[in-house]
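Asks:
Protein chains in written order, with my numbering: chain A, 299 to 545; chain Y, 299 to 545; chain X, 299 to 545; chain P, 299 to 545; chain V, 299 to 545; chain C, 299 to 545.
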């Protein structure tokens, strides 16, 4: 089984964190590929940055997904995820999508802990669009700078753990999602310091993708996720054109 | 990995359907065990029957879950599921819980197709309690009798497929859940006749349970899913007493 | 008029509190009967305990409701209530159900004050299932131990009153429900110390039950609360069998 | 116990229907008074008419409620109800408020059947304001004229019953509210022709009011239903001035 | 273009504030008329006062709107607004209605800052009725007295600004509505002291009304906002009778 | 006043429709500019196409908005709208955003009529994200082909009007939005054939944009719509880089 993880951002260090956690979450026989976006920003925390990231995800999938068994959009707010589902007939999974799904399996309400206060609004809008807002207890984000987004989980580990404990004690969280690809892998290290299940988006997405691959391709011949009707286009990259109109 | 599927009903023929689909959904090395409820009714379609089924699930888990790696509550409305999550520190998964989670991963809205009109209200109440109602497009249920609940998927196959197509065409379903343990396995046989993804609750629950087992035990030391506080009790079976108060 | 109050728990002291408040709320000519559960726990505060309590309620009704005019499920989260409504053609009322209904008649939003923080989650899930969550301002629960659940209203009276005042001042409550059968009767004693209406679940349920009895039996020949269809069963108590299939 | 029913409309024939049903729903010792609005329209079915009716209710209460034990606002959309609750320290109950509360006690979802299609929108807006919309299955209204609003229940009885049956069969209603004061009393006559509980708003309001009177006066010293702060006013009737500022 | 602003209260000083801000928001050629209610209270902050104000709005429109191009109901909770829309075929706009609409155009979530804590509940009920509650971040109101409602924006300016800043910092507001006609005009003066857009209800309503006038009259021949059906009435002012039944 | 309308699609014929309706909706002194997307598809009806359109909107604004007073995103689902609001300190308005806002000012519930069934899902997701779903009565879309999206309003006019009437009669619409830029201008021609207000997205957006321009620039120094924090980027067009980081 070959899985492609697309980092919608340009941070190679975060791509590396994603790749490592993906490999640790891989079943025997799963081959992990990770791609950094061709274009974009260091990390997405606003709606404007998410627009760029969404396009970059489509472009990356157009270039690299052709012989894959599943694709993971590896930024927490799932930029371009729903779009890409329309275009591929293999499983396409996002970190937010998968981690709220895993939180659902633990039962009760979940909180999110992330790397900035600003980024939380985007996450919440995505979770509301998925219809999961009634299950969400709170978002708490770092209110502190960091030198490199690829090292924020090391630099600010104690602060992040304190935020997790506040979610449990003040907000009634039954599980906590460490949200944001830059936090990939942290849950493994600190799970025993938090008294409720701790969820890693990359791990969740890997579990979801590997599970669905076993079912074979996804055939959507109708409905709102069927392939977009063929129509005129202009200015798309050659790869994107082929992704929209494969034959 | 050892998985226990508990049929909260007394229908051995349905237990057999569940076991077969579970085995087909098992990863290499997964051992499938299936138990029929000690007490209960032929199949649950009302709130009253669900109360009995919930107790039977706890009793069955108390007797048979001790050396398991995960437990699946194998009736579609998930009787006793949230209760059992509080009592075990291994993954406990329900068919409704898992299948709406899988529908979420396909994107958009899902419909349910079930074996009676009456049973649909219970399903909808459970899905609402999970906070998934905004993702649900419709429920459509058989309005026809059947001789044996274990054979309804054969006796009424064409009618069930017609209901699926109505969900797609009239209700805008992006995926369809064949809901009810008596329909276990049907999705495999008829997937190519329905133009959107078709979801089998037993298969979904197997995928969810096997994914989570890889993470190791679930430790909930606080929150609303922590083990109930120790307190006086009377008239519980010996096994249930031990389930509530393990040491 | 003969009313049966079923305590789904095994605490005789709480049954006595319930009986006393029920008698004070009885109209002339109303005969009050109270039954303690045959099996169960000291008091329900989790989903697991509620499963046992729900079965105990059905069993108790099966044994004692045959010549009654109405039944009250006398624990605040209403275990087994919706199930029992399906099985009896007399009014069946729960404490939560009745007290939120009474709060609705006072107008605006209500808060709940209860005996533990943990128990609040169960209450909120039940109130959400009733569709009343938009009317609920908050839950505040004791964060203190007590020697006997039957005496918590005396031991922790001042703390409970402080919680009520916080609901008014901080949460904007227009009325307050003293939630939990162990608090039965407290509202009468302290109403003048709280500046908004104070609601007693047992009193509310008595008022609701006595009102509906005047209308005669409840005949549900169809709909989701009609009697469950006759079908095979196994291992139920003789009384429960008769409750499910009366003739 | 003295109860005042205020008809917010000018139809004496409807006041008479209300009075009759109220008397049939009265407990021994309850004295029923009914007042027709001093000003207003024949029957309210729009937001504009409801504004006039609301003022008329306050005026009528100002004139006639002084020695009453409870007041019932006897039009189905409850014009002026929440306003009047702020001004009186006795129970003030509305037909919609009470009938949805009674439907809640029957469990599941309710439908409304009314005397015109137009009037249904107003009813639904009120039910949504009460937070009960998730419990509402449907509204169905007469699409036919009638010679006198006080006789519509006789002239169009068969049509009304057909609408009730459609609510059960097509909309999944677990109970039905005959909505509109002009339908007062009809439920008694036709209950045996409808397979789910049938609710009469006047009867519901009588039951609610009589229940609450037993609790004594309602003291709201704070919260959003406390008496409006004293402030300057102009052009109010003498009675209304006294209602706003009693001493 | 001639616009009528109706102050549903009797405070001439507030009418003057409204008139001034309306004139500053007027396009070239727009003629502004402002009317104080014939009857009512100093300022509305409760449901009871809103009932009176709603009737006063209809009466004022009946007397003064005949040659107008649009009417603005100039109290923040929009008393009588929906009623008046049914009765006139010109744009009828309310301050709450228009300011939440403008907040929507700024994006994200808005907070309200008002002149008393009590008044906030009414505002929130109205915003919920409009279906805007998911966009509302918070309400914060003065907890301080003032000598004259027409001068509260001067007397309590610093407190009001502090409340605005709390909405931004603690509640996540993306814009702030200065709510209450007594705050008309304040936004202009203090906009540069608040880091998110500041909304003035009178200005918003002027912009909305002037925009819609350009479209010509509003013809609603059916639907729930069509003119109420002609029917018997009694005790209405001559002007109101003509407003309900124009010919 | 200079307004820029960006067509996120490549259809010049639709840009022309947009420009014409914008000019008819312009106040004296308003200068209308319209730009067709540099890249994209003929018309957006899926999530995948919307991703491309959103990027194209940012690119077009980056190139052409520098001396404008407001920007209108002129496709009905508002691709890139929220993103662009973060990047510009002038009003940025979308057709969906503005037309639901105008429908709100008419009162009650609105329906949408559009050019394909498929496109309706995207519209509904956007309206839900805005929190307006409780105000939406229905979507009805053409189930018929057309030769050119720029002429669909002529080719299928009668069908479109029939859909409008169905919205009124079957779905209870109080107003109707002709949704989709290809329908720009149609409302003017057919308003007198529909018995409720008919809304044109381009006209609504023009009214909203012109109203807000009068207020001056929009200064968002904080909140979720403030400019994205400065951070590393790669592969963006020179214009987009400047849009993200202006100085």
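In this text, a Cβ means the ideal position worked out from N, Cα and C, and glycines have one as well. Note that the coordinates shown come from a computational prediction; the quantities given were computed from them, not determined experimentally.
Could you tell me the boundaries of the alpha helix (DSSP H) in which residue 350 of chain A lies?
Replies: Counting along the chain, the alpha helix (DSSP H) containing residue 350 of chain A begins and ends at 345-362.
Asks: Could you name the residues of the region 383-397 of chain X whose beta carbon sits closer than 8 Å to any beta carbon of chain P, in the order they occur along the chain?
Replies: Within the region 383-397 of chain X, the qualifying residues are 383, 389, 391, 395, 396.
Asks: Are residue 515 of chain C and residue 388 of chain C close, meaning C-beta to C-beta below 8 Å?
Replies: Going by C-beta atoms, residue 515 of chain C is nearer than 8 Å to residue 388 of chain C.
Asks: What do you reckon, are the CB atoms on residue 520 of chain C and residue 494 of chain V nearer than 8 Å?
Replies: A contact, by the Cβ cut-off of 8 Å.
Asks: Going straight from the alpha carbon of residue 539 of chain V to that of residue 472 of chain X, what length do you get?
Replies: If you take the alpha carbons of residue 539 of chain V and residue 472 of chain X, they lie about 38 Å apart.
Asks: Taking a cut of 7 Å between CB atoms, which residues from the region 353-373 of chain Y lie near chain X?
Replies: The region 353-373 of chain Y vs chain X, Cβ under 7 Å: 353, 356.
Asks: Can you pull out the residues from the region 473-506 of chain C whose beta carbon lies closer than 7 Å to at least one beta carbon of chain V?
Replies: For the region 473-506 of chain C, which is checked against every Cβ of chain V, the residues closer than 7 Å are 493, 494, 495, 505, 506.
Asks: DSSP state of residue 494 of chain X, grouped into three classes?
Replies: In the structure shown, residue 494 of chain X sits in coil (DSSP, three-state: anything other than H, G, I, E or B).
Asks: Does any residue of chain Y have a CB that is nearer than 8 Å to the CB of residue 468 of chain X?
Replies: For residue 468 of chain X, the answer is no, since every Cβ of chain Y falls outside 8 Å of its Cβ.
Asks: For chain A, check one thing: does any of its Cβ atoms lie closer than 8 Å to the Cβ of residue 446 of chain Y?
Replies: Residue 446 of chain Y does not count as touching chain A.
Asks: Measuring alpha carbon to alpha carbon, tell me which of P:365, P:404, P:351, P:369 ends up nearest residue 317 of chain P.
Replies: Taking only the C-alpha atoms, the option nearest residue 317 of chain P is P:369.
Asks: Jot down the residue ranges of each uninterrupted beta strand (DSSP E) in the region 399-452 of chain C, minimum 3 residues, whole runs only, in chain order.
Replies: With a minimum length of 3 residues, the continuous beta strand (DSSP E) runs that stay inside the region 399-452 of chain C are 408-412, 434-439.
Asks: Helix, strand or coil: which one does DSSP assign to residue 342 of chain P?
Replies: Coil, per DSSP.
Asks: Assign residue 480 of chain Y to one of two classes, buried (16 or more other C-beta atoms within 10 Å of its C-beta) or exposed (fewer than that).
Replies: The residue in question, residue 480 of chain Y, is buried, as its Cβ has 16 or more Cβ neighbours within 10 Å.
Asks: Starting from residue 380 of chain V, find everything on chain P with Cβ-Cβ shorter than 7 Å and list it in chain order.
Replies: Chain P residues near residue 380 of chain V: 345.
Asks: Run through chain X and tell me which residues come within less than 8 Å of residue 542 of chain P, C-beta to C-beta.
Replies: Under the 8 Å cutoff, chain X gives no residues; its nearest Cβ is about 18 Å from residue 542 of chain P.
Asks: Could you name the residues of the region 515-532 of chain P whose beta carbon sits closer than 9 Å to any beta carbon of chain V, in the order they occur along the chain?
Replies: Those would be 521, 522, 523, 524, 525, 526, 527, 529, 530, 531, 532, in chain order.
Asks: Do residue 397 of chain Y and residue 502 of chain Y count as a contact pair if the criterion is CB distance below 8 Å?
Replies: Yes; because the gap between Cβ atoms is below 8 Å, this pair is in contact.
Asks: Taking 8 Å as the CB-CB limit, is residue 438 of chain A close to chain Y?
Replies: False, the Cβ-Cβ gap to chain Y never drops below 8 Å.
Asks: Where does the unbroken alpha helix (DSSP H) through residue 300 of chain Y begin, and where does it stop?
Replies: Residue 300 of chain Y -> not in any alpha helix (DSSP H); beta strand (DSSP E) instead, spanning 300-305.
Asks: Kindly identify the DSSP beta-bridge partner or partners of residue 332 of chain C.
Replies: Answer is C:303.
Asks: Residue ranges of each alpha helix (DSSP H) run of no fewer than 4 residues wholly in the region 446-485 of chain A, ordered along the chain?
Replies: Correct list: 450-453, 455-469.
Asks: Please classify residue 499 of chain Y: does DSSP put it in a helix, a strand, or coil?
Replies: In this structure, residue 499 of chain Y counts as helix in the three-state DSSP scheme.
Asks: Would a check of beta-carbon distances place residue 308 of chain Y closer than 8 Å to chain X?
Replies: At least one chain X Cβ lies under 8 Å of residue 308 of chain Y.
Asks: For residue 430 of chain V, which residues from the same chain have a beta carbon less than 6 Å from its beta carbon, with the 5 sequence-adjacent residues on both sides left out?
Replies: Once the five neighbours on either side are set aside, the close Cβ partners of residue 430 of chain V are 398.
Asks: Please report whether the beta-carbon of residue 509 of chain C lies at a distance below 8 Å from any beta-carbon of chain V.
Replies: By this cut-off, residue 509 of chain C is an interface position.
Asks: Starting from residue 433 of chain P, find everything on chain X with Cβ-Cβ shorter than 7 Å and list it in chain order.
Replies: The answer, in chain order, is 429.
Asks: Taking the beta strand (DSSP E) that residue 516 of chain A falls in, what are its first and last residues?
Replies: Segment: none, residue 516 of chain A is in no beta strand (DSSP E) and carries neither H nor E.
Asks: Tell me, to the nearest whole angstrom, how far the beta carbon of residue 411 of chain X is from that of residue 375 of chain X; I am working on the premise that it is less than 8 Å.
Replies: Rounded, the Cβ-Cβ distance is 15 Å, inconsistent with contact.
Asks: Let me make sure I understand the geometry here. Which of X:300, X:513, X:341 has the alpha-carbon closest to that of residue 307 of chain X?
Replies: Cα-wise, what sits closest to residue 307 of chain X is X:341.
Asks: In this structure, how does DSSP classify residue 368 of chain V when only helix, strand and coil are distinguished?
Replies: Three-state DSSP puts residue 368 of chain V in a strand.
Asks: Starting from residue 391 of chain V and walking both ways along the beta strand (DSSP E), at which residues does that stretch end?
Replies: Residues 390-392.
Asks: Which residue from Y:405, Y:312, Y:395, Y:443 puts its Cα closest to that of residue 422 of chain Y?
Replies: Considering only alpha carbons, the answer is Y:395.
Asks: Report, in whole angstroms, the separation of the C-beta atoms of residue 324 of chain V and residue 303 of chain V, which I expect to be a contact under 8 Å.
Replies: Between residue 303 of chain V and residue 324 of chain V the Cβ distance is about 11 Å, and since that is not below 8 Å, they are no contact.
Asks: Could you give the DSSP three-state label for residue 525 of chain Y: helix, strand or coil?
Replies: If DSSP states are grouped into helix, strand and coil, residue 525 of chain Y belongs with coil.
Asks: Give the single residue among C:334, C:405, C:300, C:364 whose Cα lies nearest to the Cα of residue 541 of chain C.
Replies: Here the closest residue by C-alpha is C:364.
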